[in-house]
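Notes to accompany the following structure.
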Ligand SMILES: Cc1ncc(C[n+]2csc(CCOP(=O)(O)OP(=O)(O)O)c2C)c(N)n1
Ligand SMILES: Cc1ncc(C[n+]2csc(CCOP(=O)(O)OP(=O)(O)O)c2C)c(N)n1
Ligand SMILES: [Mg+2]
Ligand SMILES: [Mg+2]
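This is the structure:
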């Protein structure tokens, strides 16, 4: 892989799988749709042909058992990668993930570790409706023992996958189809251990701190570009590791800018956006804040199917601008951007 | 039931069940252990004898199916109450709860409503270990469409159960064995619709706002008593309804006291404590706060079994005092209370 | 010892069961009604397929073209007070049970006047009047809901039954076994209908299960079962009649395995012949097992129909479906407030409880 | 049609199978070894029961007193490179597989030197050296983990097998069926051992399932099965031998249903005779089906043991267990840092990643 080759997020995932399967004979992959040409997009294209159907196993429709089967094999000298083509399907494996895998090391005295990585894909939009659109990372980030990572860039899509699989702890790696076409030049593979990884500043700024993860980070980067045209310098932080969380990079940024706006693709109540706000504010003196923190999340409703409603359901760049610009032009009305549409401010 | 009869939380639950089964022929109860003398404590004592084993159904060990079976019956003219003797078992019903029940009304255009109440019991301590001790209310409060209530008092244990069952929406009602012996004089049954219910101030105060739910509210009330002996007047707010959340009672209190400390029996990351902090701080100007908000939660670890570790695992009155007192005696060291033991401040 | 259940045998052999069906003296008017319902389902799904190809329909559509006889044969024995639950491939179950054609077409278009008011699309159908209680895309998720409806029917004691449609892939979800055990242990009036089309998305059943017949699970749960040619509407109807009668008489649940085959892709209008073991060679043969053609040929031999009549019926049905389709195209979309006002029963805005 | 599986019949009849077991020429030294292991398990659990009654042990203990022959018969055919998984009632599985006695007693006391370092107690046992991979209280949760270990064993291709112990109640969890389908479809070397003691906590199986034999599920999944008197250690061992041999030879999974009965309560030391259908009348009869007495009587007829020998063995074992118990009582508890340092592999404090 040449030094700085431009590659898409989607191709970067395939590169991560290929690296792991080539370099690590103890790695195997198991999940639904791995022999299908479309189920997991092109992120695993022809891996079954190249590495054989014993190492790339397509499975019956049994999420709870297959997830625990991957974990069982990972207790016996293998590094298993369990693939759920949708986060929504992984809900059926909650017992395997939350009651067994996340607690296995702790309850057996730290003597046995499920070296399993569970990859789930956020696949939403396209009028797929409430049960085929969920982003439940906040749920699984709540569970000690389950590391949770969400790549926002092609570099992370590849290197966080590798770091997750080479980590001896269970890791939930969630990628988002809406990031698949994001491209960037990425350097050679860097395998920093996952335990040492945390949030990264992707764009320096002075006036406001924007925090996101996965697709929300892409929204923050676009919003930062538009804010600059308003003379506002936004610092963008990509969370990358959602559990266990490290706050210091975000805290230092908020100390600098005095303003925090968190963008997240899951729901508000007990969601990641609120966690970042609480995590920062509990460790800085309130006087540091020039204004109250803002969070942009899904509305408190399941995803509607009809495109007339779906178009306003997911957080957009417009939502970010509508929250941030009033800070800098308090007199102007907050209804600046049309995409604002269904304002989340219907909350009390 | 005489006007102000003193009753325990546990007996109040039995009264709620008895009222519902007597007054509402469409109510029936289904779950594991309902014919056992110990499974659900004495909260359902002899209901099967009094109302018959067709209305009080003990079930096979099949949480996902039985939860959806209760919901299916509740779509056909019955008000079903599904009982899980432990919150840990309800994890196996995540698909029924989160993918089906919570979304059913929305995805079918608001035309069909699962009139099902899911009662789960927090049963922890006693060296039961990681898989028999969980409090996962933050998880389920994250899901739009699933009302979540947690009674802290005998009055609420009875009346919130009744309000939940009479509400046409799916409601998760979580009671806590550690509250079972809490007693108070309670008035006649008051059936305020659940939609109108929200947080309540249980104890007025001026200097600090303590927010809790279920057993954590009891901890706040005890802490408030001890703080008074230090000349500190603590206002205690019982959350009662965790989803959808109402912030105004808490916000007004924090505006008055300028200090917020939230106590919660679940984990920190994406937990209810952080949600309350974010929900209040995003709607008040930071200058209102005299100090950064505090949260007291479980350590970021599964529950250990050995009593030497278990004793320090759960939030205590000592933890609350150690967070609150330094606000009022900034010079004194924060290690005032021995129970502090395993300080949660090992976080960065 | 090892126990071997009968596999599907010829039922799964694409070269068999292509001949006209035996009508066992079923009155011609009833057979004609079943033929017309199958033709309505076929045409409706062809119109939907065209809508998807043309980019007018966006939500994922899983078509049951080729599998119409199962729904029609089962619904023949049901009333509107029975309760029917479906899955991701449920246009046929919805229409056969009496679900409104307009409601289906408006729903796949995401319109407010859709059967789920535009909130769910093809995979979330609902028609209270006909007893179609709901369908969802999470595989097997409605199976226990139907058992719950069966529990309610038993409590009502008015002879109603609950029906759950699911596929051969769905039998790999543990909740199906939990549901069957519960229905058997409590003797509930539930009919489990497995549409075994030999595929779960791109995977042939031989790659997912040790045997290609799903009825072995009914036997394990002591539930009476019938395994039939799913493309023979009379066979499906007669088997359903026996099982539903037992259920209405309080003798507990029944299980119908109807062997069939989908002509289009797992999802969408294409034939996906390249996807999955054996599809390329099997599909043309299975098309000879066309449930509509096999019934029409039987009726022709009975003199009840002729080629001309059939031609006129096809075009009349096509005209009707097209006109309803055009009406649905013009219908309005839901108001933006619908997202928050349909989460809870009393239309109360989520979180927005005006304190 | 309806299909009726053989029920347990006499196997579940408390008045049957009380006679000394047939030893089929098994060498006496091996039978003696099995007898002593069953006696060790019995005494260990009696000491644990006394610890619970005395309030010294706090964690919930589910005792297998009366069910010892199942674990001993199965483990007779296993090596320390096989992988064994248990559930909430797994003292016998742990000890029979070679788990250290001290590790068990220290663990139920919550000591740092316990087999799980005090972090799990009676319901979370672990002994890597003997191949006991883990046990958990969530019913049926280790069944798929064992299938995963079977998948690893197949990949290793060194003839190892995975074994999962679960109860008749656990068969009501859907994940057991998902696990059996997977093991059958991929022909994995897994032995499913169902200890059918007729109860799930307070509920007799007749109140939870339509038939009292669980082997019908093995048949449905095309998995070879044996149904045996679980209190006959030779019968258990011989049946296990046949099934484990097939698995080691790559012929796929096996299923053993061992019918037995627990003498103590679902949890704790009491006999709970008042709890659950028929226990009051059945328990005394089942006590006559004591796996230890029945083997001891056979050995007496063979002249391998006599009453005096037995008496001396019981007291020698009691003395040994008591001394290990006293050692465990004195052992230290875990340091408070253990709560945060055992969540992740490298002992890194949770959340406390020192940035
Ligand atoms: C819980 C869950 N897992 C996986 C999927 C993805 N999926 C959608 S349809 C389908 C195939 C199901 O096959 P079958 O039950 O035979 O139905 P068919 O499509 O053949 O009608 C799968 C695996 C899903 N929707 N839900
Ligand atoms: C998922 C789950 N549901 C319910 C329980 C409560 N529970 C503990 S043991 C048990 C009985 C299981 O019966 P069986 O599998 O026959 O085991 P036995 O106790 O008879 O050995 C139950 C229902 C649990 N531990 N986990
Ligand atoms: Mg299918
Ligand atoms: Mg049992």
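Chains as they are written, first to last, in the working numbering: chain A, 11 to 358; chain B, 11 to 358; chain C, -5 to 349; chain D, -5 to 349. Here a beta-carbon is modelled for each residue, glycine too, at the ideal position from N, C-alpha and C. All values derive from a computational prediction rather than experimental measurement.
Exercise. Is the CB of residue 364 of chain B under 8 angstroms away from at least one CB in chain A?
Worked result: Outside the modelled stretch of chain B, which goes from 11 to 358, sits residue 364 of chain B, for which no answer is possible.
Exercise. In chain A, which residues lie with their C-beta within 9 angstroms of the C-beta of residue 176 of chain D?
Worked result: Here the neighbours are 69, 70, 72, 75, 76, 79.
Exercise. So, does the CB of residue 272 of chain C fall closer than 8 angstroms to a CB anywhere in chain B?
Worked result: no
Problem set entry | Start-end ranges of the alpha helix (DSSP H) lying completely within the stretch 114 to 141 of chain B, minimum 4 residues | 114 to 117
Exercise. Beta strand (DSSP E) containing residue 96 of chain B: first to last residue?
Worked result: Element bounds for residue 96 of chain B: n/a, residue is neither H nor E.
For this session: Indicate whether at least one CB of chain A lies closer than 8 angstroms to the CB of residue 82 of chain B.
Result: Among the residues facing chain A, residue 82 of chain B is not included, as its CB has no counterpart in that chain under 8 angstroms away.
For this session: Consider the Cβ of residue 348 of chain B: report whether some Cβ of chain D lies at a distance smaller than 8 angstroms.
Result: With a pLDDT of only 34 at residue 348 of chain B, under 50, the local geometry of the prediction cannot be trusted, and the value read off the model is given with reservation. Output row for residue 348 of chain B: interface = no.
Problem set entry | Rounded distance between the beta-carbons of residue 176 of chain A and residue 156 of chain A, thought under 8 angstroms | Contact annotation, residue 156 of chain A with residue 176 of chain A: C-beta distance approximately 17 angstroms; criterion of less than 8 angstroms not satisfied.
For this session: Tell me, please, whether the CB atom of residue 6 of chain C is closer than 8 angstroms to any CB atom in chain D?
Result: no
For this session: Could you tell me whether the Cβ of residue 88 of chain B comes closer than 8 angstroms to any Cβ of chain C?
Result: yes
Exercise. Mind pulling the alpha helix (DSSP H) runs of 4 or more residues that sit fully within the stretch 52 to 90 of chain A?
Worked result: 57 to 61, 73 to 84
For this session: Kindly provide the chain-ordered list of residues whose Cβ lies closer than 7 angstroms to any non-hydrogen atom of ligand 3.
Result: C:161, C:162, C:163, C:189, C:190, C:191, C:192, C:193, C:194
Exercise. Taking any Cβ of chain D, which residues in the stretch 93 to 108 of chain A have a Cβ under 9 angstroms from it, in chain order?
Worked result: 105, 106
Exercise. With 16 other CB atoms within 10 Å as the buried threshold, where does residue 201 of chain A fall?
Worked result: exposed
For this session: Select from the stretch 303 to 331 of chain C all residues with a C-beta closer than 8 angstroms to any C-beta belonging to chain A, and list them in chain order.
Result: 327, 328, 330
For this session: Pick helix, strand or coil for residue 336 of chain D, following the three-state DSSP scheme.
Result: coil
For this session: Could you tell me if the beta carbon of residue 82 of chain C falls within a distance shorter than 7 angstroms of some heavy atom in ligand 1?
Result: yes
Problem set entry | Reference residue 129 of chain C, options B:162, B:140, B:119, closest by Cα | B:119
For this session: Rounded to whole angstroms, what's the CA-CA distance from residue 131 of chain B to residue 87 of chain B? Just pull it up for me.
Result: 26 angstroms
Exercise. Whole-angstrom Cβ separation of residue 139 of chain B and residue 117 of chain D, contact assumed at under 8 angstroms?
Worked result: 6 angstroms
Exercise. For residue 279 of chain C, which of C:6, C:120, C:220, C:58 has the nearest alpha-carbon?
Worked result: C:6
Problem set entry | Beta-carbon proximity check, residue 242 of chain C vs residue 184 of chain C, cutoff 8 angstroms | no
Exercise. Residue 333 of chain C versus chain A: which residues are under 8 angstroms apart at the beta carbon?
Worked result: Chain A residues near residue 333 of chain C: 309, 311, 314, 319, 322, 323, 352.
Exercise. When every heavy atom of ligand 2 is checked, does at least one fall within less than 7 angstroms of the C-beta of residue 56 of chain D?
Worked result: yes
Exercise. Along chain E, in chain order, which residues have C-beta atoms closer than 8 angstroms to that of residue 45 of chain B?
Worked result: Any reference to chain E falls outside this structure, whose protein chains are A, B, C and D.
For this session: Classify residue 322 of chain A as helix, strand or coil using the three-state DSSP reduction.
Result: coil
For this session: Would you check whether ligand 1 has a heavy atom nearer than 7 angstroms to the C-beta of residue 131 of chain C?
Result: yes
Exercise. Do the stretch 265 to 274 of chain B and the stretch 213 to 222 of chain B make contact, defined as three or more Cβ pairs closer than 8 angstroms?
Worked result: yes
Problem set entry | Cut-off 7 angstroms between Cβ atoms - residues of its own chain near residue 12 of chain D, not counting five sequence neighbours on either side | 282, 283
Exercise. Less than 7 angstroms between the CB of residue 73 of chain A and some heavy atom of ligand 5, yes or no?
Worked result: Inclusion of ligand 5 in the displayed structure is not the case, the ligand content consisting of ligand 1, ligand 2, ligand 3 and ligand 4 alone.
Problem set entry | Cutoff 6 angstroms; reference residue 243 of chain A; Cβ partners in own chain excluding five residues on either side | 215, 216, 217
Exercise. Any chance the CB of residue 296 of chain D is under 7 angstroms from a heavy atom of ligand 1?
Worked result: no
Exercise. Mind checking residue 205 of chain C: buried by the 16 CB within 10 Å criterion, or exposed?
Worked result: buried
For this session: May I have the straight-line CA-CA distance separating residue 239 of chain B from residue 266 of chain A, to the nearest angstrom?
Result: 40 angstroms
Exercise. Can you tell which of B:78, B:283, B:278, B:229 has its C-alpha closest to the C-alpha of residue 255 of chain B?
Worked result: B:283
Exercise. Where does residue 113 of chain D sit, in a helix, a strand or coil, going by DSSP?
Worked result: The answer is coil: DSSP assigns residue 113 of chain D none of H, G, I, E or B.
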